[in-house]
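Quick notes on the structure that follows.
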Amino acid sequence: MKRIVTIQDISCVGKCSLTVALPIISAMGIETAVIPTAVLSTHTAFSEFTFCDLTPEIRPITQHWSREKFHFDAIYTGYLGSFQQLELVSEFIDEFKRAENLIFVDPVMGDFGRLYSGFTPEFAKAMARLCGKADIIAPNLTEAAFMLGEDYLGSGYSREDIELTLRALCRLGAKTSVLTGISFSPDELGVMGYDSERDAFFSYFNRRINADYHGTGDVFASACVGALMNDLSVEESLKIAADYTALSIQETIDAPDGRWYGVQFESVIPQLLEMMSRAKCGQNATRCTN
Ligand code: PXL
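Structure follows, in structure tokens:
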């Protein structure tokens with residue numbers, strides 16, 4: 078069984094970061110080790126959230142795992158709350174990077190042109206350096222703009238603008254850059270990516286659902302990492318992650334008790350697994366029995 082480690086906070090209520098990554102990636106059949114970077118009572122969009130910083134634990138955990146000679150097939154980082162955490166995660170990557178494992182950095186910092194509470198443009202620059210160590214990064218347009226020190230593209234952009242941004246993101250050092258939340262027409266929303274090694278762009282779009290919920294980026298990134306660890310290609314993994322995120326949003330809208338602070342990703346896990354096994358069948362058409 079493959080094993081990954083994901084490094085991000087635990088927001089105890091709020092359906093984001095570890096409470097999303099752990100169930101989704103585990104359900105996809107991948108052992109999911111965690112380094113919780115902080116414990117918050119809720120994510121930071123609630124007022125009066127509590128916060129317990131676990132930064133001092135990161136290096137001792139890294140050192141213990143080093144002595145144990147643990148191996149991770151992927152290192153997936155999400156929300157990180159301080160410059161020091163960025164440094165320690167960078168050290169962790171140096172320690173556990175292997176030729177064959179995958180470093181996936183989701184530089185969670187903001188949305189809709191604004192940084193989340195507590196983040197600064199200087200922090201975005203430091204996050205950009207962490208992105209330089211990744212195989213795949215998956216910012217949204219807000220995070221990309223702050224990391225690149227460019228203006229937020231907003232909504233009136235062209236395919237060429239996005240291609241330029243993707244190329245600039247790869248120049249930070251990541252092999253593949255993916256931009257989430259891309260839309261070239263009012264009724265569609267999707268992702269675009271650039272593989273710098275193949276010099277190839279790719280994209281995938283869904284019908285836009287007019288609702289915004291917290292944690293959808295984490296649902297997307299988790300499903301993407303899970304699919305990649307199931308040996309699906311980046312393109313296939315992004316498609317599955319985008320479809321699963323859209324399903325989770327639709328499920329939340331349709332639920333009589335839908336909650337505003339996160340999406341109902343749990344009840345559509347069976348569909349996620351079906352999409353994944355269909356994609357795997359597609360790859361192994363001659364051997365597939367489902
Ligand atoms: O979903 C991103 C996220 C993760 N963790 C915390 C957050 C947020 C977004 O606001 O506040 C603590």
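To convert a position in the sequence shown, counted from 1, into the numbering used here, add 77.
Beta carbons: idealized from backbone N, C-alpha and C, even for Gly.
Going by beta carbons, Leu179 and Leu305 fall inside the 8 Å limit.
In this structure, the ligand PXL has no non-hydrogen atom nearer than 7 Å to the beta-carbon of Thr197. A residue is called buried when at least 16 other Cβ atoms come within 10 angstroms of its Cβ; Cys129 does not meet this threshold and is exposed. Judged by beta-carbon spacing, Gln341 lies beyond the 8 Å limit of Ile286, meaning their Cβ atoms are not closer than that value. The criterion of a C-beta distance shorter than 8 Å is satisfied by Phe149 and Ile81.
Annotation for Ser280: Ile259, Gly267, Val268, Met269, Gly270 place their beta carbon closer than 8 Å to its own, counting only its chain and skipping 5 residues before and after. Annotation: the continuous alpha helix (DSSP H) that includes Ala304 extends over 293-306. If you look at Gly359, you'll find it in the alpha helix (DSSP H) that goes 346-360. With respect to the 8 Å criterion, Ala205 and Met224 are classified as neighbours on the basis of their beta carbons.
For Arg80, DSSP records a beta bridge to Glu108. Taking the Cα of Gly292 as reference, the smallest distance to any Cα among Phe196, Val90, Trp142, Ser167 is reached at Val90. For Asp289, the Cβ stays outside the 7 Å cut-off from all heavy atoms of the ligand PXL.
Closest option to Ala203, judged by alpha-carbon separation, among Leu163, Glu343, Arg191, Gly233: Leu163. Here Pro184 is buried: its Cβ has 16 or more other Cβ atoms, across all protein chains shown, within 10 Å.
Secondary structure of Phe173 (DSSP, three-state): helix. Scanning Tyr321, Pro198, Ile346, Ala115 for the CA closest to the CA of Phe126 turns up Ala115.
Ser143: member of the alpha helix (DSSP H) spanning 132-144, first to last residue. In the three-state DSSP reduction, Leu117 falls in the strand class (E or B).
Between Tyr229 and Asp264, the alpha-carbon positions lie close to 21 Å from each other. Between Thr219 and Asp238, the beta carbon gap of about 15 Å keeps them out of contact (Cβ cut-off 8 Å). Cα atoms of Glu351 and Arg275: separation of roughly 30 Å, rounded to the nearest angstrom. When rounded, the separation of the alpha-carbon atoms in Gly209 and Phe173 is 16 Å.
Among the bridge pairs identified by DSSP, Ile87 is matched with Val116.
Residue state for Val97 is assigned as helix, using DSSP reduced to three classes.
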